[in-house]
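Structure record follows, encoded as structure tokens.
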Amino acid sequence: MANSRREAGEVLYRQKFIEFGLSDSFEFLRREWSLKSDKRFWSRCKSCGCEFISWDEVFRGRQSHLLCPQCGASSDGNDVWERSPKCDEAMAFYVAGHSVRETAEKFGVSTAQINNSVKARGLTNGRDWRVEGQKTAVQNQVKRAEQRMASRLESLGFEYVGGYQDKSIKIRCRQCGFEFERCVDFARHGNVVCRKCEHEKVLIRQAQRKEELKQKTINQKTRAKAEKADALFHLLNDKTHVCTVCGKSFSIADYMKDCGLKQIQHNPSYCSDACKRKANHRKSKECKRRSGNLDRGNHRRRARKYGVAYESGITLKKVWKRDNGICQICGKPCDWNDRSWNEYCGPLYPSIDHIVAMANGGGHIRSNVQLAHMMCNSEKGDSI
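Mind the numbering: the sequence shown is residues 464 to 847 in my numbering, read in order.
Below you can see the structure in the form of structure tokens.
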């Protein structure tokens, strides 16, 4: 009894295999009876002869498709319902004047399969007046919905452009003219805003906040600076200061009055601007003397005055190095630290001496200069 049922099942599946168009590329071999579920079958590829097993869910859907695991051969995968002779009978029944639901109930398929076949073949069942009426009603409903949408957008300050039947509609902002899209449900119930206008508002708010923060920072710095200056003024005004140049005693109020200042942020070392300029001049002269550049400008002016040759780049340090620090007049060494005459130099301090004086036509050139003591240079004068 069991064997007869198995044979009948294999005959049924073999017919389905041929009916679904799988016999073009594959050959049905047998059902798989080793499992209790009985949901698998064996087939052979006609291209390479490979035998493989598949689930019989292939015969239960609308699409039939097999794939060879060895050579990759496959069935065409066409619609099972469209390929079956039953579909032709159903379409003839539909053309005779029956509805889609009646045809689906008679042939035991879904209404979606009948509708797809009708659309694919472009058939009609003689009831076009109903379809046209439904189309007109739908069009009128869409027009009314579009009018409601346009009136709502008008109240929000936007203009309806089109695309109501699509998934999204096009909207134009009346303020800036920017066009954008929104889905129909959101445009119907949501809060519609223009992204460009909102972005400009955000930029304006950011600029305002930035300016407020900048002004607040400036005010804080100004207030802190004024408080610091006021505190420093009271701190320094309580004690007496002594000028490092002239030795005069003065106060902060006297210094500010003399210099015309409204506030001060440092502890002054000079009683006036004149003393400050004098101190700066001394520092500059001392720096030039240490670097050997003190007499550069004087030599240039004297050479221009007497009309003699002038060679740039001649410094006291270079002449010192060339003559090994020996005075070329008396033959004794020079001393850089000699400050016995004043705070700048003494009799043994080195200097540049012109062998032939500029007043006698000698130029400021390397062959006409030599190292000499301040005392020796003064006693030599214009003589050779």
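We treat Cβ as the ideally placed atom computed from N, Cα and C, and that holds for glycine. A quick note: this is a predicted structure, and the numbers were derived from the prediction, not measured.
Local Cβ density within 10 Å of residue i, reported as buried at 16 or more and exposed below that
i, result
"isoleucine 667", "exposed"
"tyrosine 807", "exposed"
"isoleucine 847", "exposed"
"serine 573", "exposed"
"arginine 829", "exposed"
"arginine 525", "Below a pLDDT of 50, predicted positions are generally treated as unreliable, and arginine 525, at 46, falls in that range; no measurement from the model is reported."
"leucine 475", "exposed"
"isoleucine 577", "buried"
"alanine 650", "buried"
"serine 747", "exposed"
"glycine 540", "Low per-residue confidence applies at glycine 540: pLDDT is 45, beneath 50, and the placement is therefore not dependable enough to give any value."
"serine 841", "exposed"
"alanine 471", "exposed"
"tryptophan 592", "Confidence at tryptophan 592 is low in this model, with a pLDDT of 45, below 50, so the placement of that residue is unreliable and no value is reported for it."
"cysteine 451", "Look at the range of the chain in this structure, 464 to 847, and you will see that residue 451 is not part of it."
"threonine 680", "exposed"
"alanine 583", "exposed"
"glycine 585", "exposed"
"alanine 555", "exposed"
"proline 548", "exposed"
Beta-carbon gap between residue i and residue j smaller than 9 Å
i, j, result
"glutamine 791", "leucine 834", "yes"
"serine 735", "cysteine 722", "yes"
"lysine 630", "valine 647", "yes"
"cysteine 508", "cysteine 531", "yes"
"methionine 837", "tryptophan 799", "no"
"arginine 637", "phenylalanine 621", "yes"
"valine 705", "serine 714", "no"
"methionine 580", "alanine 553", "Sequence check: residue 580 is serine here, not methionine. The answer is yes: Cβ separation under 9 Å."
"lysine 633", "glutamate 617", "no"
"valine 665", "leucine 619", "no"
"tryptophan 496", "arginine 477", "no"
"methionine 719", "lysine 768", "no"
"threonine 703", "alanine 742", "no"
"leucine 529", "serine 510", "no"
"isoleucine 777", "isoleucine 815", "yes"
Alpha helix (DSSP H) segment containing residue i, residue limits
i, result
"arginine 493", "No alpha helix (DSSP H) holds arginine 493; the beta strand (DSSP E) holding it covers 489–494."
"serine 580", "574–584"
"valine 782", "779–785"
"arginine 651", "647–652"
"serine 841", "837–843"
"phenylalanine 504", "Run containing phenylalanine 504: none in the alpha helix (DSSP H); it sits in the beta strand (DSSP E), 503–508."
"lysine 633", "Segment 631–636 is the beta strand (DSSP E) holding lysine 633; no alpha helix (DSSP H) there."
"glutamate 568", "563–570"
"isoleucine 715", "715–722"
Limits of the beta strand (DSSP E) - the one that residue i falls within
i, result
"alanine 553", "Where alanine 553 is concerned, there is no enclosing beta strand (DSSP E), although the alpha helix (DSSP H) it sits in stretches over 548–558."
"aspartate 816", "813–817"
"tyrosine 623", "621–625"
"serine 517", "514–518"
Cβ distance (whole Å) where residue i is taken to contact residue j below 8 Å
i, j, result
"proline 796", "glycine 809", "About 14 Å separates the two Cβ atoms, so there is no contact after all."
"arginine 494", "phenylalanine 504", "5 Å"
"glycine 826", "valine 771", "4 Å"
"phenylalanine 491", "serine 506", "6 Å"
"glutamate 642", "tyrosine 627", "Going by Cβ atoms, the distance from glutamate 642 to tyrosine 627 rounds to 15 Å, so no, they are not a contact pair."
"aspartate 845", "asparagine 823", "6 Å"
Contact with chain C by residue i, beta-carbon distance below 9 Å
i, result
"arginine 637", "In the structure shown, chain C cannot be found, because there is only a single protein chain."
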